[in-house]
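Student:
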Amino acid sequence: MGIVRKQSIRSSIFIYLGFALGAFNFWLLPKILTGEEFGLVRMLMSVSTLLAGLCSLGTQPAITRFYPYYQSYEKRKKNDLLGWALLVSLVGFGMMVLLTILFKNVIIRKFEGNSPLFLHYFYLIYPFTFFILLYSLYERIAWSKQFTVTSNFLRETGVRLFTLIIILLLFGGWFNFDHFITWYSLQYAIVFVIIYIFLAYKQSAHLTLTISRTTRRLYHQLTSYSGYIFGGSLFVLVEQYFNTILLGSRVNLSAAGIFDIANFIATFMVVPKRSMQAAASATIASAWKDNDRGRIERVYKKSAATLLITGMAILGLIWLNIDHIFDLYKPEYRSGKYVVLLIGLANLADLGTGLNYDILVNSKLWKIHFFISLGITAFFLPVTYFFVKAYGLIGSAYGILAALVVYNLVRYLLILWKFKMQPFSLKTMLIVVTGVIAYVIPAYLIPPIKNIYLDSAVISMVFIIIFAAGVLGGKLSEDVTELYEMVVGRLKGNK
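For reference, each letter of the sequence shown is one residue, going 205 to 699 in my numbering.
1) Given that a residue counts as buried once 16 or more other Cβ atoms are within 10 Å of its Cβ, and exposed if not, what is residue 352?
2) Quick check: the Cα distance between residue 229 and residue 266, rounded to an integer number of angstroms?
3) Got a sec? Which residues, its chain only, sit under 8 Å from residue 393 by beta carbon, not counting five neighbours each side?
4) On a CA-only basis, which of 688, 297, 409 is nearest residue 285? Give me that one, please.
5) For residue 382 and residue 324, what's the separation of their Cα atoms in angstroms?
6) So residue 261 and residue 296 are in contact, right, with Cβ under 8 Å, and what is the actual spacing, rounded?
7) Quick check: the Cα distance between residue 389 and residue 539, rounded to an integer number of angstroms?
8) Is it right to say residue 627 is buried, meaning 16 or more other beta carbons lie within 10 angstroms of its own, or is it exposed?
9) State yes or no: is the C-beta of residue 505 within less than 8 Å of the C-beta of residue 555?
10) With three or more C-beta pairs closer than 8 Å as the rule, is the segment 635–644 touching the segment 568–584?
11) Assuming residue 602 and residue 591 are in contact, meaning their beta carbons sit under 8 Å apart, how far apart are those beta carbons, in whole angstroms?
12) Look up residue 376 in the DSSP assignment and say whether it is helix, strand or coil.
13) Let me know the alpha helix (DSSP H) ranges lying completely inside the segment 207–266, each 4 residues or longer, listed in chain order.
14) Within 10 angstroms of its Cβ, does residue 303 collect 16 or more other Cβ (buried), or is it exposed?
15) Look at the alpha carbon of residue 645 and the alpha carbon of residue 349, and state the distance between them as a whole number of angstroms.
16) Excluding the 5 residues flanking residue 521 on each side, which residues of the same chain have their C-beta closer than 8 Å to its C-beta?
17) The alpha helix (DSSP H) that contains residue 673, what's its start and end?
18) Check each candidate in 291, 564, 277 and name the one with the smallest Cα separation from residue 412.
19) If you follow the alpha helix (DSSP H) that residue 622 is in, where does it begin and where does it stop?
20) Can at least three beta-carbon pairs, one atom from the segment 457–467 and one from the segment 243–250, be found at a separation below 8 Å?
21) Hey, out of 500, 661, 467, whose CA is closest to residue 541's CA?
22) For residue 661, does the count of other Cβ atoms within 10 angstroms reach 16, so buried, or fall short, so exposed?
23) Going by DSSP, what residue range makes up the alpha helix (DSSP H) through residue 505?
24) Can the beta-carbon of residue 371 be found closer than 8 Å to that of residue 232?
25) Below 8 Å, can you find three or more Cβ-Cβ pairs linking the segment 547–566 to the segment 612–623?
26) According to DSSP, simplified to helix, strand and coil, what is residue 628?
27) State the start and end residues of the unbroken alpha helix (DSSP H) segment that holds residue 541.
28) For residue 599, count neighbouring Cβ atoms within 10 angstroms of its own Cβ and tell me buried if that reaches 16, exposed if not.
29) If you run the structure through DSSP and keep just helix, strand and coil, what is residue 528?
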């Protein structure tokens, strides 16, 4: 787990830097744009990211799963995995363009009443989707080659830095809204060019369509896996972006914008998982290739404990400061307060069960996982639709919470049943109890301070000290304890 932990930590630094930039962008944009314009910005991102995932036709997870075989059995210039993945993805993109043209009238009927501005700028979906698709493919190669720090820096920090630049150009009057939204749709073009140059420099971007021996041998597995995983990954994509799109069509773009701000705040919790997944995906795929179940179980247990700790820490800090956070926005955005809490609890359920998705999709159970994902998605799409129709903004959060709890429970039971692995222990309960105690003390026992910045600093510090003392004193996570000892050792060595 040493490589995984090291790359996870480095990636987390860049991801949190990106989130800091993103938080500033989320604070500044609503002050410059109208609620409808801000909703459009988030809607374009959500729709394009969803479509890029669909256009890939399952090739991205296939790269992660099968790259170890190509690396072991093929010379660099005969590795045709990227070439075929790119071709299939371009076919998927072409199909998407054709379908949006054929169903243009349906799209108009769905959005013209509540979100006409989205229809006006719908054409920007095409370049936005295209470059997200290209970047995501090359990002998978970077993950497989253990270049996760670079890829995470580009996606999480580079994209948001570019966004900040064009926001400042808009704020300064050099851009009008048309200029801004056009360049916004091209943000992934910039990072794609950079990651392509980086991988080419590392001799990892070679393209060929000459069919290799490995492709001939794995052809049926590749196509079957890509097809099934494509269906299974729909859940992840839908869970992330369906609510924004649904709110935009059923309510209005302003509601979609409020939801996205609330979701962004809660998404701070999943940063450690995103960096850990990027670092661990190749490790898990390689371990399944070698049938090293002991290694997989160690990753499973350690990831669950570490992610639960980081998730509870971040959720505790967010909810202690939630009123102060929304003071930074216009009053109408405060309606997203309890959306943050519900999505935060959903994320906690996801984090506390570790890297179960990565373990399943890289195992022999990936077909079963596909059918389970398909069934849950088919059930929760109409449920979420009902929640949004009945309860509006908060209904979208109810749908996410219910879906993630059920989905992770099923994953947990499947891994337990088939592989006799489970990530929980007495320490899991102790982590939860420690987090609750650490929250209750500053939330209910410390009187509020009039100065909101001082109040935020005091309650946050008390929470961190109590929670950290409990986690480190009880040695509730091997990774957290080792990281703490490493930092202390280095500080002592510098004295």
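The beta-carbon is built from N, C-alpha and C at its ideal position, and this holds for glycine as well. Given the structure is predicted, the values throughout are model-derived calculations rather than measurements.
Tutor: The short version:
1) Residue 352 counts as buried, since no fewer than 16 other beta carbons sit within 10 angstroms of its beta carbon.
2) Taking the straight line from one Cα to the other gives about 34 Å.
3) Residues 331, 335 of the same chain have their beta carbon placed closer than 8 Å to that of residue 393, with the five preceding and five following residues left out of the count.
4) When each option's Cα is compared against that of residue 285, the closest is 409.
5) Their backbone Cα atoms lie some 11 Å apart in a straight line.
6) About 4 Å separates the two Cβ atoms, so the contact holds.
7) In a straight line, the C-alpha of residue 389 is about 28 Å away from that of residue 539.
8) Residue 627 comes out buried.
9) Cβ atoms of residue 505 and residue 555: not closer than 8 Å.
10) Touching, no, given that fewer than three Cβ pairs across the two stretches are closer than 8 Å.
11) That pair is a contact at about 5 Å.
12) For residue 376, the secondary structure class from DSSP, reduced to helix, strand or coil, is coil.
13) Counting only runs of 4 or more residues that sit fully inside the segment 207–266, the alpha helix (DSSP H) segments are 239–259, in chain order.
14) Burial call: exposed.
15) Near 45 Å, if we compare the C-alpha coordinates of residue 349 and residue 645.
16) So the qualifying residues of the chain are 664, 667, 668.
17) First-last of the alpha helix (DSSP H) with residue 673: 656–677.
18) Taking the Cα of residue 412 as reference, the smallest distance to any Cα among 291, 564, 277 is reached at 291.
19) Here the alpha helix (DSSP H) through residue 622 covers 597–623.
20) The segment 457–467 vs the segment 243–250: in contact.
21) For the residues 500, 661, 467, the minimum Cα distance to residue 541 belongs to 467.
22) So residue 661 ends up on the exposed side.
23) Residue 505: member of the alpha helix (DSSP H) spanning 497–524, first to last residue.
24) Yes, these two residues count as a Cβ contact at 8 Å.
25) The answer is yes - the segment 612–623 touches the segment 547–566, with three or more Cβ pairs under 8 Å.
26) Looking at residue 628 - three-state DSSP - the assignment turns out to be coil, as it is neither helix nor strand.
27) That run of the alpha helix (DSSP H) goes 541–556.
28) Around the beta-carbon of residue 599, 16 or more other beta-carbon atoms lie within 10 Å, marking it buried.
29) Three-state result, residue 528: helix.
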